[in-house]
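Report on one structure; see the data block that follows.
Number of protein chains: 2
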Amino acid sequence: METPMTDLASVQQAIHDLGAAGLSVLTSRGEREQRGKDQTFLPAHASDAVVFAESTDDVVKIVNICRTHRCPITPFGAGTSSEGHIAALHGGICIDLTRMNAVLQVNADDFDCVVQAGITRESLNRYLRDTGLFFPIDACPEASIGGMVSTRASGTHAVRYGTMRENVINVTAVLIDGRVVKTANRARKSAAAYDLTRLFVGSAGTLGIITEVTVRLHPVPDHVAAAVCAFPTIGDAARLVIEASQAGVCFAKVEFMDTVQIAWTNAYSKTNLAPKPHLFFEFDGPPQAVKEHAAIVEELAREHGASPLQWAIDAAERAHLWRARHEAIYACFAGRPGCQAWATDVTVPISRLADCIEETQRDLQELPFPVPILGHVGDGNFHLAFMIDPARPEEYEMAHDVYDRMVRRAIAMDGTCTGEHGVGYFKNRYLVEEFGEDTLSMMRDIKRALDPMNLLNPGKLFDAI
Amino acid sequence: METPMTDLASVQQAIHDLGAAGLSVLTSRGEREQRGKDQTFLPAHASDAVVFAESTDDVVKIVNICRTHRCPITPFGAGTSSEGHIAALHGGICIDLTRMNAVLQVNADDFDCVVQAGITRESLNRYLRDTGLFFPIDACPEASIGGMVSTRASGTHAVRYGTMRENVINVTAVLIDGRVVKTANRARKSAAAYDLTRLFVGSAGTLGIITEVTVRLHPVPDHVAAAVCAFPTIGDAARLVIEASQAGVCFAKVEFMDTVQIAWTNAYSKTNLAPKPHLFFEFDGPPQAVKEHAAIVEELAREHGASPLQWAIDAAERAHLWRARHEAIYACFAGRPGCQAWATDVTVPISRLADCIEETQRDLQELPFPVPILGHVGDGNFHLAFMIDPARPEEYEMAHDVYDRMVRRAIAMDGTCTGEHGVGYFKNRYLVEEFGEDTLSMMRDIKRALDPMNLLNPGKLFDAI
Chain F
1 METPMTDLAS VQQAIHDLGA AGLSVLTSRG EREQRGKDQT FLPAHASDAV
51 VFAESTDDVV KIVNICRTHR CPITPFGAGT SSEGHIAALH GGICIDLTRM
101 NAVLQVNADD FDCVVQAGIT RESLNRYLRD TGLFFPIDAC PEASIGGMVS
151 TRASGTHAVR YGTMRENVIN VTAVLIDGRV VKTANRARKS AAAYDLTRLF
201 VGSAGTLGII TEVTVRLHPV PDHVAAAVCA FPTIGDAARL VIEASQAGVC
251 FAKVEFMDTV QIAWTNAYSK TNLAPKPHLF FEFDGPPQAV KEHAAIVEEL
301 AREHGASPLQ WAIDAAERAH LWRARHEAIY ACFAGRPGCQ AWATDVTVPI
351 SRLADCIEET QRDLQELPFP VPILGHVGDG NFHLAFMIDP ARPEEYEMAH
401 DVYDRMVRRA IAMDGTCTGE HGVGYFKNRY LVEEFGEDTL SMMRDIKRAL
451 DPMNLLNPGK LFDAI
Chain Z
1 METPMTDLAS VQQAIHDLGA AGLSVLTSRG EREQRGKDQT FLPAHASDAV
51 VFAESTDDVV KIVNICRTHR CPITPFGAGT SSEGHIAALH GGICIDLTRM
101 NAVLQVNADD FDCVVQAGIT RESLNRYLRD TGLFFPIDAC PEASIGGMVS
151 TRASGTHAVR YGTMRENVIN VTAVLIDGRV VKTANRARKS AAAYDLTRLF
201 VGSAGTLGII TEVTVRLHPV PDHVAAAVCA FPTIGDAARL VIEASQAGVC
251 FAKVEFMDTV QIAWTNAYSK TNLAPKPHLF FEFDGPPQAV KEHAAIVEEL
301 AREHGASPLQ WAIDAAERAH LWRARHEAIY ACFAGRPGCQ AWATDVTVPI
351 SRLADCIEET QRDLQELPFP VPILGHVGDG NFHLAFMIDP ARPEEYEMAH
401 DVYDRMVRRA IAMDGTCTGE HGVGYFKNRY LVEEFGEDTL SMMRDIKRAL
451 DPMNLLNPGK LFDAI
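Chains as they are written, first to last, in UniProt numbering: chain F, 1 to 465; chain Z, 1 to 465.
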């Protein structure tokens, strides 16, 4: 088992050499800690220095110096991870890619663009505003594209446009031995050799440092309509989504909120939703197609005992409707003031979604504090946010027990320990249960072949290789 | 460089041990040659024995015996490859998976099913007939699902439903050391660890023997409409597809035929199409949506000087229209009687498609025999079929020169040497040009880590590792 034997003198030598090579290096505690702490309750794990890369060549220089001194490397894009991906668990250096934020090409006729890894998804969409195209994956607005590749991010649009898996055409990455790989050209499909693109998507910075990415773009839809309605149970809501999909309905978004989340959202976002499970829908496309899909859903909603759909057609109405959804995390902070959020997600086959949520809700009822559930129903993916009082560590212990049962339940239902947040390091422990020892050891074989000293984001996915 | 040092005595010992282990083994020349020759002009490369697997456990037994004796293994699904994937270039044994043809689960609510690797796509769709769902990837009807995974197959539906890359949820595979890996559970999306599923999709049998596959299913569309029209040039046809896509049109299929193919198709399929480049369209979905998308295309077709669209709405009319497309290869055999077909494909970004086809057509005009071009325009993918007179080997030489320029042209246009047929072994030579030495060596690193003796389908993708 290879764990990086982080030798402090070697790391200091690496830091010295990085500065001597003309790279911009920061060593203040604040700078280091800021980049070792993400949006989770997980503690900061500071690197020993922050080094800025402004080009792929800079990354090659950094990697070569770090390899020589066996210095661990943790890449930093935006720090919006939800599972501790940027924690420098074994120290070493943090490569800060935020200065690599350029759009290199927009190929409107090909529905793609080439960007540097540090650009945020919001900046990219701002840049694209006049092209009639957009990049649909709506993880956190400040998330970097490189980070989204690394975590295989998705969001509310995944049911319509896919996740990062379907929307990355190629990546340029620097391997630990200094090789620069470009995983594909820009062809929309290819049957040529191994799909290294998909190998990097979701690899959490453990195989190489991603410096450039070509992503797919989609036409801004001609027409968009959104709606919300209440259901007697989550089971009814899930059945509607299954039956609508079987009828050929193409949802642009289909989002679930349970009654706890609805109560907090009503309080925070000044909505007036009934105290029941809700679905938020969005449809997009040519106007008749939108109407037709919406009509099928309205009929099914009636059959499943839902309240009448409240429609929002124009942009202002839609913004109002979705605000409640997008503010959900703020509603949680307001719901239990002074608490820290411990958010996580799992995914199951949609046929098991209602069972998985309901069994989890029963567990949650044993806790002395309320916990809301949100979900991307079309994907079978749902999120919990435990709002933990930092003054009461026993809350963490109680939450952990429910969390653990939920993750194991999802895996047992033929699902996964994470649908979109990634494994980071806290969920390493579930990978054997999800994949089995043989499959996990195949992953380790690949990691060892490409990073034998385990210098690239060590501790993520695997405690040791 | 590791090439299998196929030792005949060892291989004979392996064959003996396979029989002794109770496996069904065939050694007649006919059986061996039949499974070493696919649908191409490439010569047969027979294995030394054919072994039938009826379960994943059988495959483990076979792999363990073969590894012990350093005996190469070539998997056989249906023999419909277009690039020599099943050629036993280094001898050894052929694992015949045709008896592993069961449907293990249909999960209609989850839009997926679990099958053994040897089932054909046509059998699977026959099995699914009453479920309201279908498996959309329409490579050769007799193609096996395992083979389609291995070659990352696609077809006319890829523009709408994606390729095997998007439609495989997990695979079960046996590695050369006998480990049985299952790459994922059935969740529709997952952010957990490395995407081994996509690593197997397109790996050409070089990383493991695929025994089971979970694939995505899609609802049989409510309504389908098809149409055909002629364009002044391929450039006009490509512009239409780009502009319609920018307008949000969702094609179910959009297929190109050049004038040579049209002439041969008119003769063979008794159609009466004008001697011009044509597009064949299909739209699917709820009826209004189909009409709306079709109306946008009709308007754009007028703007681009196309002939009026000839529509085919009911199933019989559509079958008639698509018959001409699906019979294209028979039309080629009839177009140059007595010739062998040398079919190949490339893909470029769609903005370069017209240029790539037109430059290739100019090259083709230098040949003393006509060569038709067909394309999946929405993907930027097109096919050539050189019809070669076996009595005139100089035709092969002349064709090879055009072929070589076409593949290099596609790569230079930021495309790929193959969009859907795969590399097999004939296109190994183009991988350095497409990926660069660093990226190709990363692929070799993975191959070596998982199959250090290069026993799994040796010679495919890489001449040696």
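Note that CB positions come from ideal geometry on N, CA and C, so glycine has one too.
Could you tell me the alpha carbon to alpha carbon distance between C113(F) and S55(Z), rounded to whole angstroms? Along the first sequence, read from residue 1 onward, the residue named residue 113(F) stands at position 113. Along the second sequence, read from residue 1 onward, the residue named residue 55(Z) stands at position 55. Approximately 45 Å, taken between the alpha carbons.
message: Please classify L300(Z) as buried or exposed, where buried requires at least 16 other C-beta atoms within 10 Å of its C-beta.
response: Position 300 of the second sequence, counted from the first residue, corresponds to residue 300(Z). Burial call: buried.
**Q.** Given V377(Z) as reference, the closest of R239(Z), V220(Z), A410(Z), I95(Z) once Cα atoms are compared
**A.** Taking the second sequence and counting its residues from 1, one reaches residue 377(Z) at position 377. In this structure, R239(Z) is the residue among R239(Z), V220(Z), A410(Z), I95(Z) with its C-alpha nearest to the C-alpha of V377(Z).
Short CB-CB distance (under 9 Å) between S351(F) and chain Z: In the first sequence, counting from the first residue as 1, residue 351(F) sits at position 351. By this cut-off, S351(F) is an interface position.
_Can you confirm whether I373(Z), when its beta carbon is compared against all beta carbons of chain F, has any partner nearer than 9 Å?_
Translated into the one-based positions of the second sequence, residue 373(Z) becomes position 373. Chain F, which has no Cβ nearer than 9 Å to the Cβ of I373(Z), makes this no.
- Can you tell me which of G380(Z), D355(Z), E397(Z), D345(Z) puts its alpha carbon nearest to the alpha carbon of P372(Z)? Mapped onto the second sequence, residue 372(Z) falls at position 372. That would be D345(Z), whose Cα lies nearest to the Cα of P372(Z).
Review point. Is the stretch 44–63 of chain F touching the stretch 206–215 of chain F, taking contact as three or more C-beta pairs under 8 Å?
Key: The stretch 44–63 of chain F, when compared against the stretch 206–215 of chain F, does touch it at the 8 Å Cβ threshold.
Report task. Measure from the C-beta of D138(F) to each C-beta in chain Z and report whether the shortest distance is under 9 Å. Result -> Here the question's residue 138(F) lines up with position 138 in the first sequence. No, its Cβ sits nowhere closer than 9 Å to a Cβ of chain Z.
For this session: Please confirm whether F283(Z) and V224(Z) have their CB atoms less than 9 Å apart.
Result: Numbered from its first residue, the second sequence carries residue 283(Z) at position 283. Numbered from its first residue, the second sequence carries residue 224(Z) at position 224. Inclusion of F283(Z) and V224(Z) in the CB contact set at 9 Å is warranted, their separation being smaller than that value.
- prompt: Distance, Cα to Cα, P72(F) vs A87(F)?
  reply: On the first sequence, residue 72(F) is found 72 positions in, with the first residue counted as 1. On the first sequence, residue 87(F) is found 87 positions in, with the first residue counted as 1. Rounded to whole angstroms, P72(F) to A87(F) spans 12 Å at the Cα level.
Distance, Y425(Z) Cα to V174(F) Cα: If you number the first sequence from 1, residue 174(F) lands on position 174. If you number the second sequence from 1, residue 425(Z) lands on position 425. Their backbone Cα atoms lie some 28 Å apart in a straight line.
Handout entry: Residue interval of the beta strand (DSSP E) (run including V241(Z))
Key = Position 241 of the second sequence, counted from the first residue, corresponds to residue 241(Z). It is not in any beta strand (DSSP E) - V241(Z) instead sits in the alpha helix (DSSP H) that spans 234–246.
Cβ closer than 9 Å: which chain Z residues qualify as neighbours of D355(F)? Position 355 of the first sequence, counted from the first residue, corresponds to residue 355(F). By Cβ distance, chain Z contributes nothing, its closest Cβ being about 12 Å from D355(F), past 9 Å.
**Prompt:** Looking at S150(F) and T80(F), is the spacing between their C-beta atoms short of 9 Å?
**Reply:** Within the first sequence, residue 80(F) is the residue found at index 80, counting from 1. Within the first sequence, residue 150(F) is the residue found at index 150, counting from 1. Not closer than 9 Å, so no.
Buried or exposed for M1(F), please, with buried defined as at least 16 other CB atoms from any protein chain shown within 10 angstroms of its CB.
As a working mapping, residue 1(F) is identified with position 1 in the first sequence. For M1(F), the pLDDT reaches just 46, beneath the cut-off of 50, and the residue's location in the model is therefore unreliable, although a value from the coordinates is still provided. Classification for M1(F): exposed.
Need the endpoints of the beta strand (DSSP E) that N107(F) sits in, please.
Counting from one through the first sequence, the residue named residue 107(F) turns up at place 107. Run containing N107(F): 103–107, per the beta strand (DSSP E) assignment.
Exercise for review: Report yes or no: do the stretch 228–246 of chain Z and the stretch 339–356 of chain Z share at least 3 C-beta pairs separated by less than 8 Å?
Suggested key: As far as the Cβ criterion goes, the stretch 228–246 of chain Z touches the stretch 339–356 of chain Z, which means the pair count is three or higher.
**OP:** Under 8 Å between beta-carbons, which chain Z residues line up against Q13(F)? List them in chain order, please.
**Re:** Against the first sequence, residue 13(F) aligns to sequence position 13. Ordered by position in chain Z, no residue passes the 8 Å Cβ test against Q13(F), which lies about 27 Å from the chain.
Just mark L461(F) as buried or exposed, buried being the case when its beta carbon has 16 or more other beta carbons within 10 Å.
Taking the first sequence and counting its residues from 1, the one referred to as residue 461(F) is at position 461. Flag for L461(F) reads buried.
Check each candidate in N272(Z), A315(Z), S203(Z), D195(Z) and name the one with the smallest Cα separation from D222(Z).
As a working mapping, residue 222(Z) is identified with position 222 in the second sequence. When only C-alpha atoms are compared, the closest one is A315(Z).
Can you give me the Cβ contacts of H293(F) inside the same chain, cut-off strictly under 7 Å, excluding the 5 residues immediately before and after it?
-> Position 293 of the first sequence, counted from the first residue, corresponds to residue 293(F). Once the five neighbours on either side are set aside, the close Cβ partners of H293(F) are V249, C250, F283.
Quiz item: Can you find a C-beta in chain Z that's less than 9 Å from the C-beta of S441(F)?
Solution: As a position in the first sequence, residue 441(F) is number 441, starting the count at 1. Yes - at least one Cβ of chain Z is within 9 Å of the one on S441(F).
- Task: Could you please give me the residues that DSSP links to H326(F) through a beta bridge?
- Result: Translated into positions along the first sequence, residue 326(F) becomes position 326. DSSP, once it has assigned bridges, lists no residue as partnering H326(F).
S190(F): buried (16+ other C-beta within 10 angstroms of its C-beta) or exposed? Here residue 190(F) refers to the residue found at position 190 when the first sequence is read from its first residue. Result: buried.
message: Distance check for P390(Z) and F48(Z), CA to CA, integer angstroms please.
response: Start at 1 with the first residue of the second sequence, and residue 48(Z) comes out as number 48. Start at 1 with the first residue of the second sequence, and residue 390(Z) comes out as number 390. Phe is not the amino acid found at residue 48(Z); the sequence shown has Asp there. Looking at the two C-alpha atoms, the distance is approximately 28 Å.
**Asked** So I93(Z) and V51(Z) are in contact, right, with Cβ under 8 Å, and what is the actual spacing, rounded?
**Response** Indexing the second sequence from 1 puts residue 93(Z) at position 93. Indexing the second sequence from 1 puts residue 51(Z) at position 51. Taking 8 Å as the upper bound for CB-CB distance, I93(Z) and V51(Z) are in contact here, some 5 Å apart.
Would a C-beta distance cut-off of 9 Å place C332(Z) and H278(Z) closer than the cut-off? One-based indexing of the second sequence puts residue 332(Z) at position 332. One-based indexing of the second sequence puts residue 278(Z) at position 278. For C332(Z) and H278(Z), no; Cβs fall outside 9 Å.
TODO: Check each candidate in G338(Z), A227(Z), Q340(Z) and name the one with the smallest Cα separation from A295(Z).
DONE: Along the second sequence, one-based indexing puts residue 295(Z) at 295. Nearest of G338(Z), A227(Z), Q340(Z) to A295(Z), Cα basis: A227(Z).
TODO: Output yes if chain F places a C-beta closer than 9 Å to the C-beta of S190(Z); else output no.
DONE: Working through the second sequence from its first residue, we reach residue 190(Z) at position 190. Output row for S190(Z): interface = yes.
> Are the C-beta of H383(F) and some C-beta of chain Z separated by less than 9 Å?
Replying inline: Taking the first residue of the first sequence as position 1, residue 383(F) is located at position 383. So no, H383(F) is outside the interface.
- Is it the case that the Cβ atoms of E317(F) and N381(F) are separated by a distance below 9 Å? By 1-based counting over the first sequence, the position of residue 317(F) is 317. By 1-based counting over the first sequence, the position of residue 381(F) is 381. No, the Cβ-Cβ distance between E317(F) and N381(F) is not below 9 Å.
When DSSP labels each residue in this structure, what does C229(Z) get in the three-state scheme?
Within the second sequence, residue 229(Z) is the residue found at index 229, counting from 1. Note: C229(Z) maps to strand in three-state DSSP.
Using C-beta distances below 8 Å, list every residue in its chain close to V407(F), excluding the 5 sequence neighbours before and after it, in chain order.
To locate residue 407(F), count along the first sequence from 1; it is residue 407. Counting only Cβ-Cβ distances below 8 Å, and skipping sequence neighbours, we find T344, V346, C417, K427, Y430.
Checklist line | Cβ shell of I388(Z) (< 7 Å), same chain only, five flanking positions each side left out | finding: Sequence index remark: in the second sequence, residue 388(Z) carries index 388 (1-based). Only residues of its own chain outside the window of five on either side were considered, and among them F41, C339, Q340, W342, E395, Y396, A399 have a CB closer than 7 Å to the CB of I388(Z), listed in chain order.
Residues in its own chain within less than 7 Å of I411(Z) by CB, not counting five upstream and five downstream?
Taking the second sequence and counting its residues from 1, one reaches residue 411(Z) at position 411. The beta carbon of I411(Z) sits closer than 7 Å to the beta carbons of C417, Y430, E433, E434 from its chain, once the five residues preceding and following it are set aside; these are given in chain order.
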